[in-house]
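Trainee: Could you have a look at this structure, given as structure tokens, before my questions?
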Amino acid sequence: MNLQRKTPSHEIEIQKSSSNQTENIKNFLISPEIDLYISITCKDKEERSKLLQNLVKTPKEYFLRVNLTRISRNNLINYLIEAYPSYNFSLTSLENMISIQIKKALKMEIHDPIVYCDKFAAESVMMGANLYVPGVCEIGGKFSNNTLVSVMLDPQKLPKSIQYDKKHFHVANGITQIASKDYPKAITGIMVKTLQSKFNIPSYRQSEFFEKGLISDQHFQANLATRIFAYFILEYYFNNKEIPVIFDTCSAPGHKTCALAEWIQFLTKKKGDPKWFPIVSIDRSKNRLLHLKHDIDRLGLKNIEVIACKLEKLEKKYPQYVGTGDFVIFDPPCSALGPRPKLFIQKSKEDLEAYALNQRRLLKIVHKLVKPGGYLMYNTCTFAIQENEGIVAYAINKLNYELVSLPPKFRSFGHSGLDYSGIPPETKSFMRRFYPTEEDGQGYFIALLKRKNMDT
Numbered sequence: 237m238n239l240q241r242k243t244p245s246h247e248i249e250i251q252k253s254s255s256n257q258t259e260n261i262k263n264f265l266i267s268p269e270i271d272l273y274i275s276i277t278c279k280d281k282e283e284r285s286k287l288l289q290n291l292v293k294t295p296k297e298y299f300l301r302v303n304l305t306r307i308s309r310n311n312l313i314n315y316l317i318e319a320y321p322s323y324n325f326s327l328t329s330l331e332n333m334i335s336i337q338i339k340k341a342l343k344m345e346i347h348d349p350i351v352y353c354d355k356f357a358a359e360s361v362m363m364g365a366n367l368y369v370p371g372v373c374e375i376g377g378k379f380s381n382n383t384l385v386s387v388m389l390d391p392q393k394l395p396k397s398i399q400y401d402k403k404h405f406h407v408a409n410g411i412t413q414i415a416s417k418d419y420p421k422a423i424t425g426i427m428v429k430t431l432q433s434k435f436n437i438p439s440y441r442q443s444e445f446f447e448k449g450l451i452s453d454q455h456f457q458a459n460l461a462t463r464i465f466a467y468f469i470l471e472y473y474f475n476n477k478e479i480p481v482i483f484d485t486c487s488a489p490g491h492k493t494c495a496l497a498e499w500i501q502f503l504t505k506k507k508g509d510p511k512w513f514p515i516v517s518i519d520r521s522k523n524r525l526l527h528l529k530h531d532i533d534r535l536g537l538k539n540i541e542v543i544a545c546k547l548e549k550l551e552k553k554y555p556q557y558v559g560t561g562d563f564v565i566f567d568p569p570c571s572a573l574g575p576r577p578k579l580f581i582q583k584s585k586e587d588l589e590a591y592a593l594n595q596r597r598l599l600k601i602v603h604k605l606v607k608p609g610g611y612l613m614y615n616t617c618t619f620a621i622q623e624n625e626g627i628v629a630y631a632i633n634k635l636n637y638e639l640v641s642l643p644p645k646f647r648s649f650g651h652s653g654l655d656y657s658g659i660p661p662e663t664k665s666f667m668r669r670f671y672p673t674e675e676d677g678q679g680y681f682i683a684l685l686k687r688k689n690m691d692t
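What the sequence shown shows, in my numbering, is residues 237 to 692, in sequence order.
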């Protein structure tokens, strides 16, 4: 695994500690606990340092998923080039995705007043998203509607070990859409419409292309996972002449649900038999599922049932689903070390260790949905071996699954899985790993598992 990449001069600097302890990030943007946690995955200190560097860098490209049920990719890219002539758009190796070259703002002045937001909002706003009311933490002064303000990460949301750097945590400038006197009375809507962000992409979320359901935002690797799943779903359908039962668990905000529906309709249409296969999308969060319901309407998708339910209560509330799943997606809560860019990463040892334990717990529940001979797609947006190969080994040895070999066209993406006790060495290439380094993208993990017909 070659994780070396030249560091752009404009990016935040990361240095090695002179101590014998784990390497630390300058200003402690990445905690020693993170370094120690991923040392099990990446033992070489120099490679690990390069990997950590990229977590707080911005990739060169941003990806959009094209809704092929409504428009061809070539037609859409021509419209985007005309609408945003200053940006470079490119085709990708996935036939429903295009990439945009990300621009870095040359200079951003800090304007008063300042609107402070949480980390999740700040990392979205610095890529050009608007700041919505739920992400606002504090306002630093009085202002009317249509006032020029700066958006910054709230210093109160930083761990004490991190030195507050206004330049680093200043993520955007924009125009207020709600007056200060109306905050926090307003609980929804746009607080600041972003005019200039730290890193720039077209404001596609405010475009007619987005509104008409022609495009969505999704990481390349997550979309690849749904493409792989769609391949096996269609193999099943055309071989058995049966509509499969499909579940997406831990599904909100629903990007995989929507991508899978689009893939199935598009690929069956290419075969001359267009279908909307039923998909049951399950998540515990009613609020996050509202985003999915909105996208289903916006994208014109059909045959998707959305269920708000904790997995722990699923068997009791929906006993009819137990043991019926031909295809089940399981993308559990994880350490989320893969998505970029990050303003900082601070997690405790206890928090990190809890992820794999929770994933095993939830997998035992999701397993009940999968029928013997059914398929389980396991994904995470992290590269930690504890949460990836460790969970696959558990599925193989405790729940009677086996890894499924992927067609060569899919094995060309990413890297093979890592050696892990309990996973047959000859099957590790069936898993696909992605690192936020030479691919200049996100950390991610994909494993397709099949439940054996007879439990032992």
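We treat Cβ as the ideally placed atom computed from N, Cα and C, and that holds for glycine.
Since we're looking at a predicted model, the values are computed, not measured.
So, Lys544 versus Leu573, is the Cβ gap smaller than 8 Å?
Mentor: Contrary to the premise, residue 544 reads as Ala rather than Lys in this sequence. Not a contact, by the Cβ cut-off of 8 Å.
Trainee: From which residue to which residue does the beta strand (DSSP E) around His455 run?
Mentor: Looking at the DSSP string, His455 is not in any beta strand (DSSP E), and its letter there is neither H nor E.
Trainee: Just the Cα atoms here: how many angstroms apart are Ser329 and Lys645?
Mentor: 10 Å
Trainee: Quick one: using the 10 Å Cβ neighbour count with 16 as the cut-off for buried, is His530 buried or exposed?
Mentor: exposed
Trainee: Starting from the Cα of Gly376, find the closest Cα among Met363, Ile398, Pro370, Cys353 and give me that residue.
Mentor: Distance check between Gly376 and each of Met363, Ile398, Pro370, Cys353 places Cys353 closest, using alpha-carbon atoms only.
Trainee: For His404, which of Tyr419, Ile411, Val387 has the nearest alpha-carbon?
Mentor: Val387
Trainee: So, helix, strand or coil for Ser433, using DSSP?
Mentor: strand
Trainee: If contact is defined by three or more beta carbon pairs under 8 Å, each pair taking one atom from either stretch, is the stretch 295-310 in contact with the stretch 334-343?
Mentor: yes
Trainee: Starting from the Cα of Met362, find the closest Cα among Cys278, Arg687, Lys293 and give me that residue.
Mentor: Lys293
Trainee: For the beta strand (DSSP E) holding Ile334, just list the boundary residues, first then last.
Mentor: 333-337
Trainee: Helix, strand or coil, according to DSSP, for Pro608 in the structure here?
Mentor: Pro608: strand per DSSP, three-state reduction.
Trainee: Compute the beta-carbon to beta-carbon distance between Leu598 and Leu547, rounded to the nearest angstrom, for a pair I have assumed lies under 8 Å.
Mentor: 6 Å
Trainee: Relative to the C-alpha of Asn366, which residue among Asn290, Phe435, Leu431, Lys664 is closest?
Mentor: Leu431
Trainee: Are the beta-carbon atoms belonging to Pro438 and Tyr368 less than 8 Å from one another?
Mentor: Tyr368 sits away from Pro438, with the two beta carbons spaced by 8 Å or more.
Trainee: Tell me where the alpha helix (DSSP H) around Val361 begins and ends.
Mentor: For Val361, the enclosing alpha helix (DSSP H) stretches over residues 355-361.
Trainee: Is the stretch 445-460 close to the stretch 301-315, with three or more CB pairs under 8 Å?
Mentor: yes
Trainee: Compute the Euclidean distance between the alpha carbons of Ala592 and Leu635, then round it to the nearest angstrom.
Mentor: So the alpha carbons of these two residues sit roughly 16 Å apart.
Trainee: Could you round the C-beta distance between Asn409 and His347 to whole angstroms and report it? I think they count as a contact, below 8 Å.
Mentor: 6 Å
Trainee: Find out if the Cβ-Cβ distance for the pair Ile464, Ile682 is shorter than 8 Å.
Mentor: yes
Trainee: Relative to the C-alpha of Phe513, which residue among Ala319, Phe356, Asp271, Leu537 is closest?
Mentor: Leu537
Trainee: By DSSP's criteria, Arg687 is part of a beta bridge. Which residues make up the other side?
Mentor: Tyr637
Trainee: Helix, strand or coil for Ala652, going by three-state DSSP, please let me know.
Mentor: Reading the sequence as shown, one finds Ser at residue 652 and not Ala. Three-state result, Ser652: strand.
Trainee: Candidates Ala461, Asn539, Ile266: which alpha carbon is nearest Gly398's?
Mentor: According to the sequence as given, residue 398 is Ile; it is not Gly. For Ile398, the nearest C-alpha among the options comes from Ile266.
Trainee: Around the C-beta of Thr412, are 16 or more other C-beta atoms found within 10 angstroms, so that it is buried, or is it exposed?
Mentor: Burial call: buried.
Trainee: On the DSSP bridge list, what partners appear for Tyr352?
Mentor: Glu374, Met388
Trainee: Since I believe Ile482 is in contact with Phe356 (beta carbons under 8 Å), could you give me their beta-carbon distance rounded to a whole number of angstroms?
Mentor: No, Phe356 and Ile482 are not in contact; Cβ-Cβ is about 29 Å, not under 8 Å.
Trainee: Helix, strand or coil for Lys340 per DSSP?
Mentor: strand
Trainee: Quick one: complete alpha helix (DSSP H) runs, 4+ long, within the stretch 478-539?
Mentor: Every alpha helix (DSSP H) stretch that sits fully inside the stretch 478-539 and reaches 4 residues is listed by chain position as 491-506, 522-535.
Trainee: Since Ala415 contacts Ser380 with CB under 8 Å, what's their CB separation in whole angstroms?
Mentor: About 5 Å; that satisfies the 8 Å criterion.
Trainee: Helix, strand or coil for Arg668? Go by DSSP, reduced to three states.
Mentor: strand
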